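Chemist: All residue numbers in the sequence shown are consecutive under this note's numbering, ending with 1066. C-beta atoms are modelled at their ideal positions from N, C-alpha and C, and glycine is treated no differently. Bear in mind the structure is a predicted one, so any value in this text is a computation, not a measurement. Encoded as structure tokens, here's the structure I'll be asking about.
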Amino acid sequence: MLLCSLRFEYQTARKIDYSPHSTPSTMKVQCWAKVIMNQTIEKKHHDRPESRPLTGVDFAEESLRLAAEQLAADFGLGLVGENSSNFAAVLRLTQKHLELQIVRGDSTSRPLLIDFTGGAFRYRTLHGGAQMILKALGIKKSYRPTVIDVTGGMGRDSFLIASSGCRVSLYERNPVVAALLQDGLARAAAHPDTGETAKRIQLVFGDAVTALEEMARAGERTDIVYLDPMFPKRSKAAKVKKDLQTLQFLVGQNDDTEELFQRAMEVASRRVVVKRPRKAASITDLQPSHKIEGKTTRFDVYMIT
Ligand SMILES: C[S@@+](CC[C@H](N)C(=O)[O-])C[C@H]1O[C@@H](n2cnc3c(N)ncnc32)[C@H](O)[C@@H]1O
């Protein structure tokens, strides 16, 4: 199938923008898609540079060159071209999806992509894997709050939240992760089993601290702000799963967690929920209103009174 480039004009983007806090600063961006894509992505305030491994965009066949160039431009990345050895990671566009490979010397890692439509994640969504997070957010059939997830990552938590019927604004500031999310959400939006859920998620590429500051200044609120900051470094024995290791490699540690939490408390009207490894310290001295504990994970819930 031909890859088509769709330009969403600002008004169109607004129409399908379910974000509780879309602002006039929304920029139109060129989105690429294999199918008509109901996802749109906002670019926001990407003005907090992080140090990250050099990543370039590559393409599997010549017919994908234009789409790859557009993707690179959208996320401020370069094209790999002849110089693949200069890059620590490569985002490779194929006819089916966008995948990430970490380059180690002459070898590359197993490709990583974001897929909401199959495998273990789909099983988890269909078989009650969302229960703990939904409980932490207080979501019930009769209560579907608006949620801002300020730490997008692989988008799994947002997807679980959206599967309950909530609208979620999902922020991700790392361009590589945001590009993978855009791809995963576009494919999920086009799939009959996941389309409804994916369309409830509005991806925003940008820094959430700045965005929350702007919301607070404008007097805008959301019901819930959700945070899942990068986990602390673990011992070898407690190594995280492969895809999370890749995320750690790309993104590093969160150095602005406290600030993110402070801004979240200003913008949430109902609660702020923070995901932590079960035994890790809280991210702030403020005592949570209550905690929801699982085998490996804990949710600290801060009710806004
Ligand atoms: C641990 S991961 C989140 C995993 C996610 N909850 C999931 O279900 O896949 C943290 C992510 O938050 C992003 N992040 C951290 N601080 C951010 C900020 N201030 N604005 C936007 N994204 C941020 C990081 O780039 C990283 O991808």
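(1) Please classify Q943 as buried or exposed, where buried requires at least 16 other C-beta atoms within 10 Å of its C-beta.
(2) At the level of alpha carbons, what is the spacing between A881 and R917?
(3) Between the C-alpha atoms of A1070 and T816, what's the straight-line distance to the nearest angstrom?
(4) Assign D989 to one of three DSSP states: helix, strand, or coil.
(5) What would DSSP say about S903, mapped onto helix, strand or coil?
(6) Measure the alpha-carbon distance for Q1009 versus T1045 and round it to whole angstroms.
(7) Is the Cβ-Cβ distance between I1053 and A897 less than 8 Å?
(8) Alpha carbon to alpha carbon, how far is I863 from G913? Give it in angstroms, no decimals.
(9) Start and end of the beta strand (DSSP E) containing T1058?
(10) Can you tell me where the alpha helix (DSSP H) with F1022 in it begins and where it stops?
(11) Any heavy atom of ligand 1 closer than 7 Å to the CB of N1015?
(12) Please work out which residues of its chain come closer than 7 Å, Cβ to Cβ, to H1051, disregarding the five sequence neighbours upstream and downstream, and give them in chain order.
(13) If you pair each beta-carbon of the region 935 to 954 with each one of the region 896 to 911, do three or more pairs fall below 8 Å?
(14) According to the Cβ coordinates, are R1040 and D989 closer than 8 Å?
(15) Under 8 Å, with one C-beta from each stretch per pair, do the region 1008 to 1026 and the region 962 to 972 reach the 3-pair mark?
(16) Measuring only from the beta carbon, is R934 closer than 7 Å to any heavy atom that is part of ligand 1?
(17) For I1053, which of helix, strand or coil comes out of DSSP?
(18) Taking all protein chains shown into account, do 16 or more other C-beta atoms lie within 10 angstroms of the C-beta of D954, making it buried, or fewer, making it exposed?
(19) Report whether the distance from the Cβ of M991 to the nearest heavy atom of ligand 1 is below 7 Å.
(20) What residue ranges within the region 889 to 952 form continuous beta strand (DSSP E) runs of no fewer than 3 residues, ordered along the chain?
(21) Is T915 close to ligand 1? I mean its beta-carbon at under 7 Å from any heavy atom of the ligand.
(22) Output the distance between the C-alpha atoms of L838 and L852, rounded to the nearest integer angstrom.
(23) Could you check the C-alpha separation between M991 and R1059 for me, to the nearest Å?
(24) Does the Cβ of V929 lie closer than 7 Å to at least one heavy atom of ligand 1?
(25) Which of the three DSSP states is assigned to K1036 in this structure?
(26) Can you tell me whether T1007 sits near ligand 1, meaning its C-beta is under 7 Å from at least one heavy atom of the ligand?
(27) From F877 to A949, what does the alpha carbon distance come to, in whole angstroms?
(28) Are the beta-carbon atoms of T983 and V908 separated by less than 8 Å?
(29) Using CA atoms only, rank isn't needed, just tell me which of R1032, T1057, P1038 and A947 is closest to P714.
(30) Look at the Cβ atom of Y932, then the Cβ atom of V965, and state whether they are nearer than 8 Å.
(31) In the DSSP assignment, find the unbroken alpha helix (DSSP H) run with G956 in it and report its ends.
Modeler: In short, the structure shows the following:
(1) buried
(2) 11 Å
(3) It is not possible to answer for residue 1070, since the shown part of the chain is limited to 762 through 1066.
(4) coil
(5) coil
(6) 22 Å
(7) yes
(8) 20 Å
(9) T1058 to M1064
(10) T1018 to V1028
(11) yes
(12) V1062
(13) no
(14) The amino acid occupying residue 1040 in the given sequence is Lys; Arg does not appear at that position. Not a contact, by the Cβ cut-off of 8 Å.
(15) yes
(16) yes
(17) strand
(18) exposed
(19) yes
(20) 908 to 910 and 929 to 933
(21) A small correction: the amino acid at residue 915 is Met; Thr does not occupy that position in the sequence shown. Yes, since a heavy atom of ligand 1 falls inside the 7 Å radius drawn around the Cβ of M915.
(22) 10 Å
(23) 14 Å
(24) no
(25) strand
(26) no
(27) 6 Å
(28) yes
(29) Since the first residue of the chain shown is 762 and the last is 1066, residue 714 is not available in this structure.
(30) yes
(31) G956 to K960
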